[in-house]
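Presented below is the structure to which this report refers.
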Amino acid sequence: MPFEMLLGAWVAAGLTLFIFTFLYKDNPLFKLAEHLYVGISVGYTIVKVYDTVIIRLLYEPMVKQGDWSLLVPLGIGMLMLARYFPKITWLSRIAFAFIVGVGSGLAIPRIISSYILKQVEDTVRPLVSLAAEGGPTFTYNLLDPASNLNALVLLIGVVSVLFYFFFSIEHKGPVRVAAHTGILFLMISFGAAFGYTVMARMSLLIGRLTDLIEFADPQYGRASLWLLLATVATLIVWSVRRGEQKEG
Amino acid sequence: MIFLRRQLPLLITFVMGLVFAAQYYVPHPASEQLLTTVNKWIQIIGGFALVLGVTSLFHLHAVKIRRKEAGWGYSFVLYAGLLGTIAVGLWANGKEAVNGALTAFGWMYSYMMVPLQGTMFAILAFFIASAAYRSFRARSREAAVLLVAAVIVMMGRVPLGEYLVPISGDFSQWILNVLNTSVRRAILIGISLGAVALSLKIIFGIERAYLGGGKE
Amino acid sequence: MTFAERMLHIDRRIIFLVIGVCTLVPLLYPVGLAIKVSPEVRSVHDHIESLPEGSVFLLSLDFDPASKPELYPQAVALLRHAFQKNLRVIGMTLWVTGAGMADQVITQMARDLGKENGKDYVFLGWSPGVGSLIITMGQDLYKAFPSDYYNQPTKELAVLKGVQNLRDVNYVVSLAAGTAGIETWYVFGKDKYKFELGGGCTGVIAPGLYPLLRSGQINGLIGGLRGAAEYEVLIGKKGRAVAGMDAQSATHFAIIVLVILCNVFYLSIRASRGKADPR
Amino acid sequence: MGKSQKTRELWSPFRYALRITRPPSRGFRRTGHASLLTGLLFLLAWAAPAMAAELSAPHDVRVIDTPSDSGGGLTILWSKADYDGPDVRYQILMGEGAEKKMVAEFPANSHYVRDAKFPWWTRPAPRGFHQYDIKTGKGIELKDGTAYAVSVAVRRGDERAEAPAVQVVPEPNWVNWNQMNNLLLVLLFGAVVFGSIRAAKRREIFLRRIPGLDAVDEAIGRATELGKPILYLTGAGDMSEPATIAAAVILGRVAKRVAAYETDLMVPHRDPIVMAVCQEITKQSYLEAAKPDAFKEDSNFFITTDQFSYTAAVDGIMLRRKPAANFFMGSYFAESLLLTETGASTGAIQIAGTDSDHQLPFFVTTCDYTLIGEELYAASAYLSREPVQVGTLRGQDMGKGFILAVLALGTVLATVGVLFGTDLPLIILDLFKDLK
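Chains as they are written, first to last, in the working numbering: chain X, 6 to 253; chain Z, 561 to 776; chain D, 82 to 360; chain R, -4 to 431.
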């Protein structure tokens, strides 16, 4: 086992356990891991931004390929830093205006295309289909997402939930009924999404625990076990001392 | 001066907004080229925005240390993590691995970033359970519907559930594919209309919250 | 406070403990609940099963540590199967950040099954280029990888005898956590050099790869931890993924039981107090 | 494959010579409303000699620059024939003389115009016609501005017939006509929104009550009573997302109340620009509440852009400062549950509002009140009562009304289309399709 992997196993196992202590209570070990995490992640982002933005997007094209048009975004980026100088703070608005302007422009047709047209197109489906011998029939296989019954359920769902989101008319009479159906649909969907996410989250937990079990192997010097003992011991000492402090 | 302060940003937003909305309808390579260029620019400008954030973070913890606020020692840990990662990252030229061998930066990524991130995610597994216990109560018809749907889907997604109630797999699939799709679709249509309306207002200078200060 | 009320306001750390135990115990002592094997996983397995001894099997481990929970068990199961079938195994990765981990899993599995580096298997490591790397491999493997991860010259390795390029490889499987993965292998590799291609991927990207499967661009797909578990069932060696599925079943049922209990308590309080909300 | 292709080409001249002309297919008569141009081409094809008794060369072959594309593409169109079926195959050929090569081969009952999803306003030929697009890529390179000779052949077993080659130049286009329905909707919706904003400036517009909002005041009141701070999160989005803007607007309202009560406000951020904007907004609110001295510059502060380290830090704040009320407005990802469960464990009142549909289940189950999706936007309008906001909301409602009408009418039309086997409903339905 190379040394860096052994060290890596110990560090990874330790940090994993420290974060897990949060489940017991907020404590110094968690705080240590938390602050380290914030530090490392910001550092990581800075390095990545430096590497991709400064080096690969700015420095190399400008100096090596002579693409001086990049002075424009460089200038606009600099304007953002004008915030630190009260007299010229307004200059930073130019940078915001540029970003937000481009973003809004890009958004409009793309949202219409993929979130409105595409969704409407897929909801508008015939409620009958042609049978093999040519006559129209109504297919009601629930497991086939393209069956007519499912098309109908889908339509009812979309329509009733849209009714719930009307704000400028009072919810009474038929609108109330529709909106209420909408709420039921909303709740079913939330429940289902919740249940589905349980699976995804549990897989992650399983992944972390599998790693810990692996690091408990003799070839890693039983890192997880020793660190678990150390963590528990630290927590006990900490709780006892805090108890004493409170009494004293 | 007033023009520069008030009108120029609005003018920039207006022009950029129209140009890039129009870009969508133009298939010519020149328009594609324009899009790639400006995307690169936005990335660069976004990089500078990070300076704002990092300064704020530095300031916050510097104040903590100076005032010796509770837990100021952890601020040192944060600084150490931050500066250490930057040093190691620059040393490795921002590369996690060279010729397939991990650099020190890559080591920090694999053995510190990944476990920390993964464990935070894994904590969700515990929280999702406690959230279910705390809030899945049949207080009303709506709440009952929600909890029944959740239980069915939880059953249907694992071998044991499929074994005990064979239909649960298909049923949960149906809930996810049909009912869930219809609701998400309606929510999406609603918020998309909101997003388009907002973008239009921004382009035409009616909505200025993004410039800060709301009205003026 | 009645018993039911106390139970409703139970310390949530007890729930955490229940979940922790329900995950950990099945991982340590797997039960091996029956798992339905899906056809897309079976076809990867059956293809390897159909290869004669000494066929060349290339496994590309295209993921980094972040996707380890799902793809590592897949790699273990596939390697075990290939080694047991006495295939010649070539390992590599398109993800520079994944090289160390890929080396680790291959070395480990080879050691477990008594295979010899250079004779029964080789780990080529990582080389830049992604698409162009695959094209180079398709023309001349030794140009793409003059030496392996441990700097042994590839030309002299017994395991690569008679292998000139990708056309001589019988089966390629890419275990992918994103792009530079299955699609890349298809577009730059299979399309041109006509080897059979299979895939394994994380649960998140699996739905996006089903079109490739339906059109026959890949002959099978192992999706997420569940897919790995199915593969383990197929090779009859229940490992981490099957244990993972047990843990998954256990936690899901723990939560379901908790939800039922909390409603029993809640309703009993409500019944005893009439209609008032006992929040 | 390449070899057999060559043999076939050697043979083809003989077969060509042996052909007898034969009237065009039935398929063409059915789509008799073809354009004048197609009609002319059809005549040309009619006049063309040499058609086999069994297998005639494809009729009405037309090759055009692919419309509404970015260049490097050609579209071949030809009418369908009697022999169209799975056993007969069409071949697309490019180049002339010795350089001629086959680009594609496919069964004759595939590649119809109707499969290509053109809306009626850009359809280059009747729906029953065959269509094949040659694009740059996969070993083919089409240079814009260069002429290419393209032809279509048909093959059944050893029989083969080829239509004369057509010269055509691929070019990039300046307008994608397929997407004009998209543009039309943008203009229409824009007009509705601006119209209702104008209307809202002139008269009051009714807005229904949003239950979650009463809780906002209640929560601030309780925090004041307890002398505890208020935590307000603006989410993970940047300043161009509607959810973030709504969150910032609501922050303005909350800050005003908070300033009046002189309660502590903490707003940790994930996006530096959002932080800068929110700082301004908070300052403004304190000014409006006539409490400029109570404003603290560092009530808005940045933590990090990374999802989970941000979450860990905010969880830490919740546990240490024990805020009496937590607000979660804006867009969120997986961190939502980590935040709300920790908040719940400290006993805070929690109010959420988000348009991130994938996180709504967690907010709904763990928070005291949740503004679902559009309700978040509505809340900011409801609170501010500004004509611009209220008018926009009214405009959105009209947009939803329009979509509801399209869904209802569209379903009826689509059903009628199937029942009577007619394409007429497509005139309306095509308007609401997403076409590239």
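Note that the Cβ used here is the ideal one computed from N, Cα and C, for glycine as well.
Since we're looking at a predicted model, the values are computed, not measured.
Three-way DSSP call (helix, strand, coil) for R/TRP73 in this model | strand
Cα separation between Z/LYS761 and Z/LEU570?
-> 11 Å
Tell me whether D/TRP207 sits in a helix, a strand or coil according to DSSP, three-state version.
-> strand
Whole-angstrom C-beta distance between R/ASP79 and R/CYS168, which should lie under 8 Å | The displayed chain sequence assigns Asn, not Cys, to residue 168 of chain R. Not really, about 30 Å apart at Cβ, beyond 8 Å.
With 8 Å set as the bound, which would you pick, yes or no: does the beta-carbon of X/HIS185 sit closer than that to a beta-carbon of chain R?
-> For X/HIS185, the answer is no, since every Cβ of chain R falls outside 8 Å of its Cβ.
Can you grab the Cα-Cα spacing for the pair R/GLY123 / R/ASP418, in whole Å?
-> 12 Å
Take the Cβ of X/VAL245 as the centre, count every other Cβ of all protein chains shown within 10 Å, and call the residue buried at 16 or more, exposed below.
-> exposed
Quick one, which residues of the region 715 to 735 of chain Z are near chain D if we go by CB-CB under 8 Å, in chain order?
-> MET715, ARG717, VAL718, PRO719, LEU720, GLY721, GLU722 and TYR723
Proximal chain X residues relative to Z/GLN567, where beta-carbon distance stays under 8 Å | Those do not exist, as Z/GLN567 stays about 11 Å from chain X at its closest Cβ, beyond 8 Å.
Collapsed DSSP secondary structure at D/GLY172 in the structure displayed | strand
Coil, strand or helix - D/ILE341 by DSSP | helix
Report yes or no: do the region 163 to 172 of chain X and the region 180 to 196 of chain X share at least 3 C-beta pairs separated by less than 8 Å?
-> Yes, since at least three Cβ pairs between the region 163 to 172 of chain X and the region 180 to 196 of chain X fall closer than 8 Å, the two stretches touch.
Backbone CA spacing between D/SER131 and D/VAL250 [nearest angstrom] = Their backbone Cα atoms lie some 14 Å apart in a straight line.
Name, in chain order, the residues that DSSP records as bridge partners for R/THR349.
-> R/ILE367
With DSSP run on the structure shown, which of helix, strand or coil describes Z/GLY577?
-> helix
For X/THR215, decide whether its Cβ has a neighbour in chain D, counting only Cβ atoms nearer than 8 Å.
-> yes
Which residues mark the beginning and the end of the alpha helix (DSSP H) in which X/MET10 is found?
-> 8 to 25
CA-CA distance, R/PHE296 and R/VAL262?
-> 6 Å
Secondary structure, alpha helix (DSSP H): runs of 4+ residues fully inside the region 166 to 217 of chain R | Counting only runs of 4 or more, we get 175 to 197.
With a threshold of 16 other CB atoms inside 10 Å of the CB of X/VAL242, please say whether the residue is buried or exposed.
-> exposed
At a Cβ threshold of 8 Å, is R/VAL262 touching chain Z?
-> no
Can you grab the Cα-Cα spacing for the pair R/GLN174 / R/LEU182, in whole Å?
-> R/GLN174 and R/LEU182 have their C-alpha atoms roughly 13 Å apart.
Which whole-angstrom value is the C-beta distance of D/LEU290 and D/LEU152, which I expect to be below 8 Å?
-> Incorrect: roughly 13 Å between the Cβ atoms, too far for contact.
R/GLY185 beta carbon less than 8 Å from that of R/ILE129 | no
If we count Cβ pairs, one from each stretch, closer than 8 Å, do we get three or more for the region 191 to 204 of chain X versus the region 694 to 714 of chain Z?
-> Judged by Cβ distances under 8 Å, the region 191 to 204 of chain X makes contact with the region 694 to 714 of chain Z, as three or more pairs qualify.
When you compare only the Cα positions, how much space is there between Z/GLY721 and D/GLY113?
-> 14 Å
For R/SER280, which residues from the same chain have a beta carbon less than 7 Å from its beta carbon, with the 5 sequence-adjacent residues on both sides left out?
-> Excluding residues within five positions, the ones whose Cβ falls inside 7 Å are GLY247, ALA250, LYS251 and ALA254.
D/THR260: first and last residue of the uninterrupted beta strand (DSSP E) it sits in | That residue, D/THR260, is in no beta strand (DSSP E); it is neither H nor E in DSSP.
When DSSP labels each residue in this structure, what does R/PRO263 get in the three-state scheme?
-> strand
Hey, out of D/SER148, D/LEU348, D/ARG321 and D/VAL345, whose CA is closest to D/PRO111's CA?
-> D/ARG321
Own chain partners of R/PHE101 with C-beta closer than 7 Å, once the 5 adjacent residues on each side are dropped | ARG84 and TYR85, listed in sequence order.
Would the region 578 to 593 of chain Z and the region 101 to 120 of chain X be scored as touching if the rule is three or more Cβ pairs under 8 Å?
-> yes
Can you pull the chain Z residues whose beta carbon is under 7 Å from the beta carbon of D/LEU339, in chain order?
-> ALA689, ALA692 and TYR693
Alpha helix (DSSP H) containing D/SER131: first to last residue?
-> 120 to 131
What residue from R/THR387, R/LEU426, R/ARG109 and R/VAL383 has the CA that sits closest to R/LEU435's CA?
-> What the structure shows of chain R is the stretch from -4 to 431, and residue 435 of chain R is not part of that stretch, so it cannot be assessed.
Chain X contact residues for Z/GLN603, given Cβ-Cβ distances below 7 Å | VAL58 and LEU62
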